[in-house]
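Numbering (my numbering), first residue to last: 9 to 460.
Notes to accompany the following structure.
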Amino acid sequence: MSEGIVLDPTRLVAGAIIGLIILLVLIIKFKVQAIVAILVGAISIGVIAEMPLADILKSVNDGIGNTLKGIALLVGLGSMFGAILEASGGAQSLAVTMVQKFGDKKAAWAMGITGLIVAMPVFFDAGLIILIPLAFSLAKRTGRSALFYTIPLLAGLAVGHAFIPPTPGPVLVASMLGVDLGWVILIGIICGIVAMIIAGPVWGAVCGKKYFVQVPEHVQNQEDFDASKLPDFKVIISIILIPLLLIILKSVFGVIPAMESVMPIFNFLGEPFVALLISTIVAMLVLGLRHGYSMEQLEKIMTKSLEPTGLILLVTACGGVLRYVLQYSGLGELIGNVVGSAHLPIVLVAFIVAALVRICVGSATVAMTMAAGIVAALPAIQGLSPIYLACVTAAVAGGATVCSHFNDSGFWLVKSLVGMDEKTTLKTWTIMETLVGVSGFAVALIISLFLG
């Protein structure tokens, strides 16, 4: 905010309320594109609060620039990495091998774990379309409801997509909060495993017994996967783990005095974009060229994978605008004082804000972006430990996952692919998403209370 200018707290609060209402009405009622709606809402907050126009422009420029510089490369590299994994059959290889190792009796657990791993480099929609035929083939072979296997798969995909980098959601929240991705990965894995178990195999068994969902007709006569034609399981796991391990080692070694001499190397290799670049190059060589793809084919696959990243990056950048408007106007400090006087943990505040936006707007990306922007504007964020900030990131992810319903595209995708009516989808998928979000948040809250 410009020096010497103190905005009226009443106008600040009124501006925030009206601006956020404008944003939500534009998206929900008038179906305005999220980028336009967030920008209009953020600028409305500044205008109503009587921010100097120069400060509003500065908020827009700083919000876009500072937000994108932290995640643009990561989202792009992650998309290309996931596209190679998808095109090579790596995701199917992972799923088929896991099911073989676990056996039909515990195949639901295999589907949940596979979904969690695959969703880290591959977008949720793509992962679901790739892996759901295997869930159907299991249901066909065992004669069980398709929900026995699709719910664990969906839970794993939802967890990997929401909680664990390099998927874009937690990356953008971590960037806005200024927290090291290594800690976000560690906390995300802990929260995610618990969430996957509760919402996946456990809830899937309940759904499978209560609702018999037939395998779609077009799958009935479909042949099972031929595992001999797929990439090697150990190779797939190794490539997926490269960026995770490098990023985690950078964070862990940073607090071990004995590793000081080699820290420059690990600081470089563990820089998220370097780690993802290494894994992408390895995937190109091992899963691409060695499996018969030409460089020209790989270039087309990787270029096409970047098409959806533009929307993700722009929505995220606009969330950064919202964050800087709140910060520069002084509203972040005002909210921080209210939160402090109410003695509410910031982890809880982050979850509630993300959940409210998710329920109203439907988009998990918008929910994460808005919640991260509001929380990042709180002055108290500056003094928090990396572990606590990682828990806040997980709480935002949890809130942005709950209560998927009619305004969420994921709801309709699952309904159509699994072959359920709206009522059954609400009773299965919507509850599963809520279990993922609430249980992941609960674990993050517990960790923050004892280690944060």
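For each residue, glycine too, the CB sits at the ideal point set by N, CA and C.
Since the structure is predicted, the reported quantities are computational estimates derived from the model, not experimental observations.
Practice problem: Measure the CB-CB distance between Trp-211 and Leu-443 and report whether it falls below 8 Å. | Solution: Yes, the Cβ-Cβ distance between Trp-211 and Leu-443 is below 8 Å.
Quiz item: For the alpha helix (DSSP H) that contains Glu-94, what are its first and last residues?
Solution: 61-95 is the extent of the alpha helix (DSSP H) around Glu-94.
Quiz item: Which parts of the segment 351-423 are runs of the alpha helix (DSSP H), unbroken and 4 residues or longer, counting only runs that do not cross its ends?
Solution: For the alpha helix (DSSP H) assignment, the uninterrupted runs of no fewer than 4 residues enclosed by the segment 351-423 are, from N- to C-terminal side, 354-369, 372-384, 394-407.
Practice problem: Compare the beta carbon distance of Ala-99 and Val-126 with 8 Å and say whether it is the shorter of the two. | Solution: In this structure, Ala-99 places its C-beta atom within 8 Å of the C-beta atom of Val-126.
Quiz item: Is there at least one Cβ from chain C nearer than 8 Å to Ser-259's Cβ?
Solution: Although the question refers to chain C, the structure presented lacks it and comprises just one protein chain.
Quiz item: Mapping DSSP to helix, strand and coil, what is Lys-258?
Solution: For Lys-258, the three-state secondary structure derived from DSSP is helix.
Self-check item: Nearest-angstrom Cα separation, counted from Pro-316 out to Leu-136
Solution: Looking at the two C-alpha atoms, the distance is approximately 16 Å.
Quiz item: Given 8 Å as the limit, is there contact between the segment 136-146 and the segment 319-329, that is, 3 or more CB pairs closer than that?
Solution: Here the segment 136-146 does not lie against the segment 319-329, with fewer than 3 beta-carbon pairs under 8 Å apart.
Practice problem: For Lys-218, name the three-state secondary structure that DSSP assigns. | Solution: DSSP places Lys-218 within a helical segment (H, G or I) once states are collapsed to three.
Self-check item: Helix, strand or coil at Pro-224 [DSSP, three-state]
Solution: Pro-224 falls in the coil class under three-state DSSP.
Exercise. Please list, in chain order, all residues of the same chain as Ile-320 whose beta carbon is under 7 Å from its beta carbon, the five residues on each side excluded.
Key: Take Ile-320, set aside five residues on each side of it, and the residues of its chain with a beta-carbon closer than 7 Å to its own are Val-83, Pro-176, Thr-373, in chain order.
Quiz prompt | Collapsed DSSP secondary structure at Tyr-301 in the structure displayed | solution = Three-state result, Tyr-301: coil.
Quiz item: What's the gap between the Cα of Ala-358 and the Cα of Lys-312?
Solution: Roughly 34 Å between the two C-alpha positions.
Exercise. Check whether the segment 331-343 touches the segment 371-386, taking contact to mean three or more Cβ pairs, one atom from each stretch, closer than 8 Å.
Key: Flag = yes, the segment 331-343 and the segment 371-386 touch.
Quiz item: Alpha carbon to alpha carbon, what distance is there between Ser-287 and Gln-305?
Solution: If I take the Cα positions, the gap works out to 18 Å.
Quiz item: Between Glu-11 and the rest of its own chain, which residues show a CB-CB distance below 6 Å, the 5 nearest in sequence each way excluded?
Solution: In this predicted model, Glu-11 has a pLDDT of only 48, less than 50, meaning its place in the structure is not dependable; the value taken from the coordinates is given anyway. The beta carbon of Glu-11 is closer than 6 Å to none in its chain, skipping five residues each way along the sequence.
Quiz prompt | Sequence-distant residues of its chain with Cβ nearer than 6 Å to Val-333 (five each side left out) | solution = Taking C-beta separations shorter than 6 Å and ignoring five residues to either side along the sequence, the partners of Val-333 in its chain run Ala-50, Ile-53, Gly-54, Ser-67, following chain order.
Practice problem: Tell me whether Asp-188 is buried or exposed, calling it buried when 16 or more other Cβ atoms sit within 10 Å of its Cβ. | Solution: Buried.
Quiz item: Exposed or buried, which one is Leu-352 when buried takes at least 16 other CB atoms within 10 Å?
Solution: Leu-352 is exposed by the Cβ-count criterion.
Quiz item: Going by other Cβ atoms of all chains shown within 10 Å of its Cβ, with 16 needed for buried, is Val-263 buried or exposed?
Solution: Exposed, by the Cβ-count rule.
Quiz item: Does the count of Cβ pairs from the segment 212-223 and the segment 405-420 closer than 8 Å reach three?
Solution: By the Cβ rule, the segment 212-223 does not count as touching the segment 405-420, because fewer than three pairs are nearer than 8 Å.
Quiz item: With DSSP run on the structure shown, which of helix, strand or coil describes Glu-11?
Solution: In this prediction, Glu-11 scores a pLDDT of 48, lower than 50, which makes its location untrustworthy; no coordinate-derived value is stated.
Quiz item: Taking just the CA atoms, how far does Ile-255 sit from Gly-196?
Solution: When rounded, the separation of the alpha-carbon atoms in Gly-196 and Ile-255 is 13 Å.
Quiz item: For Thr-438, which residues from the same chain have a beta carbon less than 6 Å from its beta carbon, with the 5 sequence-adjacent residues on both sides left out?
Solution: A distance below 6 Å between beta-carbons, with the five flanking residues on each side excluded, links Thr-438 to the following residues of its chain, in chain order: Ser-412, His-413.
Quiz prompt | Three-state secondary structure assigned by DSSP to Lys-312 | solution = In this structure, Lys-312 counts as helix in the three-state DSSP scheme.
Self-check item: Minimum C-alpha distance to Val-451 - residue among Lys-77, Ala-405, Ala-147
Solution: Closest by C-alpha distance to Val-451, out of Lys-77, Ala-405, Ala-147, is Ala-405.
Quiz prompt | Top-ranked residue by Cα proximity to Met-119, from Val-167, Lys-431, Thr-158 | solution = Distances from the alpha-carbon of Met-119 to those of Val-167, Lys-431, Thr-158 put Thr-158 closest.
Self-check item: Residue nearest to Thr-105 in terms of C-alpha spacing, selected from Met-428, Gln-335, Thr-122, Val-355
Solution: The option with the nearest alpha carbon to Thr-105 is Thr-122.
Self-check item: First and last residue of the uninterrupted alpha helix (DSSP H) at Leu-443
Solution: From DSSP, the alpha helix (DSSP H) with Leu-443 extends over 439-459.
Quiz item: Does the segment 164-178 come close enough to the segment 192-209 that 3 or more CB-CB pairs lie under 8 Å?
Solution: The segment 192-209 makes contact with the segment 164-178; the number of CB pairs closer than 8 Å reaches 3 or more.
Quiz item: Within 7 Å: the Cβ of Leu-397 and any heavy atom of the ligand FMN?
Solution: With respect to small molecules bound, the structure shown includes none, and the ligand FMN cannot be examined in it.
Practice problem: With Met-267 as the anchor, note down where its alpha helix (DSSP H) starts and where it stops. | Solution: Looking at the DSSP string, Met-267 is not in any alpha helix (DSSP H), and its letter there is neither H nor E.
Self-check item: Same chain only: Cβ atoms within 7 Å of Cys-215, ignoring 5 sequence neighbours per side
Solution: Closer than 7 Å at the Cβ level, and outside the excluded window around Cys-215, lie Leu-155, Ile-159, Thr-436.
Practice problem: Go to Asp-188, then tell me how far its alpha helix (DSSP H) extends in each direction, as first and last residue. | Solution: First-last for Asp-188: undefined, no H or E at that position.
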